[in-house]
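In our numbering, the protein residues as written are -15 to 185. Glycine is no exception: its CB is placed at the ideal position from the N, C-alpha and C atoms. The model shown is predicted, which means the values in this text are computed figures rather than measured ones.
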Amino acid sequence: MIKPFAEQKFDIPDLDGISKKTIEEHLGLYAGYVKNFNAIQSELQKMMMGDNPHTLSELQRRLSFEFGGMRLHEYYFNHLEGGAKEATGEFLSKVNEQFTSIEGLKKLMKNIGLMRGPGWAILYWDKKSGQFLTSFSGEQHMGHFVTLPIILAIDVWEHAYILDQGAQGKGKYIDAFFANLNWQSAEQNFLTAQAGSAAKQ
Ligand SMILES: [Fe+2]
-15 MIKPFAEQKF DIPDLDGISK KTIEEHLGLY AGYVKNFNAI QSELQKMMMG
35 DNPHTLSELQ RRLSFEFGGM RLHEYYFNHL EGGAKEATGE FLSKVNEQFT
85 SIEGLKKLMK NIGLMRGPGW AILYWDKKSG QFLTSFSGEQ HMGHFVTLPI
135 ILAIDVWEHA YILDQGAQGK GKYIDAFFAN LNWQSAEQNF LTAQAGSAAK
185 Q
């Protein structure tokens, strides 16, 4: 039996360029992912021991979409808690080494975020090769690097910015996201990833 997941609470301060209304609606969407994941999982548990595996195929496929929506939003809202803060230490050194500067990383992540379609611009850490990798995850369950922990996740679905910046305002929204970003959150994800063991292959 898999235990249901609990909706997390976030303390998001007033942000520049991302309104309270957007955050409220966005938190509501996040709560929906948690609820839907739990609902699908609960139905699946009833079907999984049956004799026809095809009856559960669509629910099983849908499960990682809801999980991605749940977990990626938890990264995202964590990034916005605590107000804007700079990156430091080994994380900053590795970013500077690979992308020249935080500005270089921001430019790269913005270009990934500006790609068409709903999804997420994501930075991962590959401990095995000692470098960052980046991805555009279509919707939220596709395009991930298997085994790699997430360091930074930027929501670039329209619901993240359309109220504040309009349909063509994704670039302005990504700038606003970075202006409000608590880099310490990404740094903590990096330190946790560095401390964990690299997958053996
Ligand atoms: Fe979202």
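Excluding five sequence positions before and after glycine 53, the CB atoms of its chain that fall closer than 7 Å to its own CB belong to Tyr17 and Gln124, given in chain order. At least 8 Å separates the beta-carbon of alanine 68 from that of alanine 144. Per DSSP, the continuous beta strand (DSSP E) segment holding tyrosine 108 begins and ends at 103 to 110. DSSP places serine 77 in the helix class (H, G or I) of the three-state scheme. For the pair glutamate 171 and threonine 39, the CB atoms are not nearer than the 8 Å cut-off.
In this structure methionine 126 is exposed. Its beta-carbon is surrounded by fewer than 16 other beta-carbon atoms within 10 angstroms.
Contact between glycine 122 and glycine 97 does not hold, since the beta-carbon distance rounds to 13 Å and is not under 8 Å. Contact between the region 80 to 99 and the region 6 to 21 is absent, with fewer than three C-beta pairs closer than 8 Å.
A straight-line Cα-Cα distance of about 16 Å links lysine 4 and aspartate 139.
In this structure, aspartate 139 has its beta carbon less than 7 Å from a heavy atom of ligand 1.
DSSP, reduced to helix, strand and coil, places aspartate 139 within a strand of the structure shown. Here leucine 117 is bridged, per DSSP, to Tyr108.
With a beta-carbon spacing of about 15 Å, histidine 57 and leucine 165 fall beyond the 8 Å limit used to define contacts. DSSP places lysine 154 within a helical segment (H, G or I) once states are collapsed to three.
Beta-bridge analysis with DSSP links glycine 122 to Gly103. With contacts defined as CB atoms closer than 8 Å, leucine 76 and leucine 107 fail to qualify as a contacting pair. Judged by DSSP in its simplified three-state form, lysine 69 adopts strand. Contact between isoleucine -4 and isoleucine 7 holds: their C-beta atoms lie close to 5 Å from each other, under 8 Å. Per the DSSP secondary-structure output, asparagine 166 pairs in a beta bridge with Lys69.
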